[in-house]
Amino acid sequence: MRQRGDERGWALLDALLDDETGHDLAALAGAVLGLPERGRYAVAVVPVREGARDRPGDAHGMRLLWRSRPEREIAVVALGEADPAAVAALLSDGRPGPGGVSPVVDGLSALGTARRLADAALLTCGMGGERVVCLDGRVPAALVAGQPALSAYLATDVFGALLARDPADRALLVSTLDAWLECDGSAGRTAVRLCCHRNTVLNRLRRLEALTSRSLSRPREMVELMLALDAVRLVPGFPTPSGDGD
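215 is the number that the numbering used here gives to position 124 of the sequence shown; each next residue is one higher, with no gaps.
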């Protein structure tokens with residue numbers, strides 16, 4: 092009888108993760124699994140990887156319930172007082188990445204939404220990612236990764252002229268833009284990060300503006316550059332910038 096009860100609880104949890112709805116489904120799942128119907132929850136998704144370590148168990152006041160799918164594993168996390176960053180840290184400690192963690196959702200009835208948001212976070216890891224990441228702070232990249240055809244067009248439209256450049260020069264310009272954005276648009280801080288002179292940073296950015304026909308001082312064009320930079324990282328087959336030589 093206990094085994095049948097457990098099986099029923101897992102089936103109800105799977106239904107919630109798959110966005111199935113029904114009369115008192117969340118309340119019934121909570122009662123069978125011993126979970127509060129309302130409360131702070133998150134969902135984490137990690138691809139099935141050969142040689143991965145065991146699934147992390149409950150820790151730091153969090154309760155983790157794992158479900159297996161053909162190509163990924165899903166953890167429903169009753170957070171307690173913890174936050175999604177604690178989930179990412181726990182999963183990173185227990186196994187290599189990549190992985191995605193949703194924002195906090197309110198209650199078991201929102202687990203389907205949380206699962207989709209965790210999938211979106213996982214997409215931002217790109218090919219060969221090794222980090223477990225939260226969706227918070229990565230929403231633009233998730234939007235780009237979720238539309239591969241449109242993202243490939245954007246990357247080519249914005250950075251297409253760079254394809255004719257020497258690969259080292261292309262990587263230099265795009266990585267300088269990346270560092271400049273990470274440094275909140277400060278040429279001085281970017282120069283420190285890249286171990287070069289401030290004027291060198293400004294010269295590279297001006298060259299990039301000329302090649303892309305977009306200005307970093309115009310908000311709409313800057314948004315295109317930022318989204319295209321995410322697309323360069325995430326679109327398979329597009330040359331990925333690397334290196335930061337002077």
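Idealized CB from N, CA, C, for every residue including glycine.
Quiz item: G217 to G237, Cα distance in whole Å?
Solution: Sequence index remark: in the sequence shown, residue 217 carries index 126 (1-based). Sequence index remark: in the sequence shown, residue 237 carries index 146 (1-based). The alpha-carbon of G217 is positioned some 11 Å away from that of G237.
Quiz item: Are there 16 or more other CB atoms within 10 angstroms of the CB of A135, so buried, or fewer, so exposed?
Solution: Sequence index remark: in the sequence shown, residue 135 carries index 44 (1-based). A135 is buried by the Cβ-count criterion.
Practice problem: Go through the region 212 to 257 residue by residue and report every complete run of the alpha helix (DSSP H) that reaches 4 residues or more, in order. | Solution: 230 to 236, 239 to 250
Exercise. For P138, write down the residues that DSSP places opposite it in a beta bridge.
Key: Here residue 138 corresponds to residue number 47 of the sequence shown, with the count starting at 1. DSSP lists R163 as partners of P138.
Exercise. With DSSP as the reference, please indicate the residues paired to W157 in a beta bridge.
Key: Residue 157 sits at position 66 when you count from the first residue of the sequence shown. DSSP lists A166 as partners of W157.
Self-check item: For V192 and V178, believed in contact at Cβ under 8 Å, the rounded distance
Solution: To locate residue 178, count along the sequence shown from 1; it is residue 87. To locate residue 192, count along the sequence shown from 1; it is residue 101. Yes, they are in contact, since the Cβ atoms of V178 and V192 sit about 5 Å apart, within 8 Å.
Practice problem: Drop a sphere of 10 angstroms on the beta-carbon of S304, count the other beta-carbons inside from all chains shown, and report buried for 16 or more, exposed for fewer. | Solution: Here residue 304 refers to the residue found at position 213 of the sequence shown. When all chains shown are included, S304 counts as exposed.
Quiz item: In whole angstroms, what is the alpha-carbon distance linking R75 and A262?
Solution: Nothing about residue 75 can be reported from this structure: the residues present for the chain run from 92 to 337 only.
Self-check item: Residues sharing a beta bridge with G121, DSSP
Solution: On the sequence shown, position 30 is the one that residue 121 refers to. Paired residue(s): none; G121 is not in a bridge.
Self-check item: Endpoints, alpha helix (DSSP H) assigned at G279
Solution: Looking up residue 279 in the sequence shown gives position 188. G279 -> alpha helix (DSSP H) spans 278 to 285.
Practice problem: Would you kindly check if the distance between the Cβ of L107 and the Cβ of L202 is under 8 Å? | Solution: As a working note, residue 202 is residue 111 in the sequence shown. As a working note, residue 107 is residue 16 in the sequence shown. Yes.
Exercise. In angstroms with no decimal places, state the Cα-to-Cα distance between L253 and L302.
Key: As a working note, residue 253 is residue 162 in the sequence shown. As a working note, residue 302 is residue 211 in the sequence shown. So the alpha carbons of these two residues sit roughly 7 Å apart.
Self-check item: Residue burial classification, R309 (beta-carbon count within 10 angstroms, cutoff 16)
Solution: Within the sequence shown, numbered from 1, the residue matching residue 309 stands at position 218. R309 should be labelled exposed.
Practice problem: Could you say which of V137, R163, A169 lies nearest to H151 if we only look at CA atoms? | Solution: On the sequence shown, position 60 is the one that residue 151 refers to. The residue with the shortest Cα to Cα distance from H151 is A169.
Quiz item: Alpha carbon to alpha carbon, what distance is there between L126 and C274?
Solution: The residue given as residue 274 occupies position 183 in the sequence shown. The residue given as residue 126 occupies position 35 in the sequence shown. For C274 and L126, the distance between alpha carbons rounds to 43 Å.
Quiz item: Below 8 Å, can you find three or more Cβ-Cβ pairs linking the region 311 to 327 to the region 216 to 232?
Solution: Look at the beta carbons and you see the region 311 to 327 touching the region 216 to 232: at least three pairs across the two are nearer than 8 Å.
Quiz item: Among residues of its own chain, excluding the 5 on either side of A235, which ones have a beta-carbon nearer than 7 Å to its beta-carbon?
Solution: By one-based count along the sequence shown, residue 235 stands at place 144. Here residue 235 is Val; the residue named in the question, Ala, does not match the sequence. Only S242, L318, D321, A322, L325 meet the Cβ criterion.
Quiz prompt | Neighbour-count burial assignment, P175, 16 or more Cβ in a 10 Å radius | solution = Stepping through the sequence shown from its first residue, residue 175 is reached at position 84. So P175 counts as buried.
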